[in-house]
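According to this note's numbering, the sequence shown is numbered sequentially starting from 38. Beta carbons: idealized from backbone N, C-alpha and C, even for Gly. Note that this is a predicted model, so its numbers are computed, not measured.
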Amino acid sequence: MSAALGTLDTAFGDAAIHDPLAVFAAERGRLRSLAYRLLGSVAESEDVLQDAWLRWSAVDAAAVGTPAAFLTTMVTRLALDRLRAARTVRERYYGLWLPEPEVSSWDDEVEAADQVPMAMMLLLERLAPDQRAVFVLREAMDLDYAEIAAILGKSAEACRQIMRRARGRLAEPSAATARPEAGRRLADAFAEASVRRDYAAIVSLLSDDALWLGDGGGVALTALNPIRGADRIARFIIGVQRKHGRAFAFTPVRVNGGPGFLTTHGGVFSGVWALDIADGRITRLYKIANPHKLAHVTPPSGL
């Protein structure tokens, strides 16, 4: 049994181990992280945890040898069922599909291991459900192949082969992560330049081949297709503000652990922006504007 699944017994006394609520509460953060990595949806991850709790509360916890492994298996299988059903829906999605953002305050203490950059979440969408499960269980949950095989009902060798194929499909490296302080300074400079509609300043903060990705889901207005290049992105940002005669307002937050914003346009909450940063410049901007993906996000104060 891996260390990832073997810590619960040492963290609680015998009484706590047999208390279903205490066991689930101790594992909840890890299980939520697992579900989010598999689904790319905050709302669906919470639904999976609710389903898992209802099932777990009906189990005789004292009869379960390793509660952490039992719960990991349950959450993985529940999430995979949802992921398989969601693939058809996402294939028919209007415009570009982006994961639901995980938003937290800059003042919150954030463990890097608990955060999944938006770039990696988007890469995971390339994987078939079984590939995604093996990759996440191996790389994020640190399980060995025997444990993964037991969860998925496959042989350990089959899981190794699935992992090799998954790594092949994820050949594109994810964006480098800037130090939080440096990322925040760059994000602040970008916000200030955008509010001033300073074309030259915006371009100087973007990499030459920067990419803008927007998700409005056919409900909210945003660029339907990706926009590539610093010049085109800067013109788009300035053009939207000029067209409507209203400036963006930016509230700095962490989005999936990295720099980002809650944005308002004309005093109306308009979405969550996330930034990828490498070599001191912004390489990707993600705008999630679909309101169905933002129900868990608290709009900026004053709205």
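Check	Outcome
Other residues of its chain near Asp268: CB distance less than 7 Å, five sequence neighbours each side excluded	Val240
Same chain, Cβ closer than 7 Å to Arg283, five either side skipped, listed in chain order	His302 and Gly303
Cβ shell of Ala228 (< 6 Å), same chain only, five flanking positions each side left out	Phe287
Among Gly132, Ile319 and Met178, nearest to Ala105 - alpha-carbon criterion	Met178
Minimum C-alpha distance to Ala62 - residue among Gln87, Gly276 and Glu139	Gln87
First through last residue of the beta strand (DSSP E) which encompasses Val244	Note on residue identity: the sequence assigns Ser, not Val, to residue 244. Leu243 to Asp252 is the extent of the beta strand (DSSP E) around Ser244.
Rounded C-alpha distance that separates Ala116 from Ala326	24 Å
Residue span of the alpha helix (DSSP H) that contains His281, given as start and end	Ala267 to His281
Alpha-carbon to alpha-carbon, Leu250 and Leu299	16 Å
Anticipated Cβ contact below 8 Å, Leu120 with Pro166, distance rounded	5 Å
Inter-stretch contact (C-beta, 8 Å, three-pair minimum) for the segment 258-267 and the segment 230-237	no
Of the residues Tyr323, Pro328, His333 and Gly295, the one placed nearest Leu135, counting alpha carbons only	Tyr323
Within 8 Å, strictly: CB atoms of Ala260 and Phe273	yes
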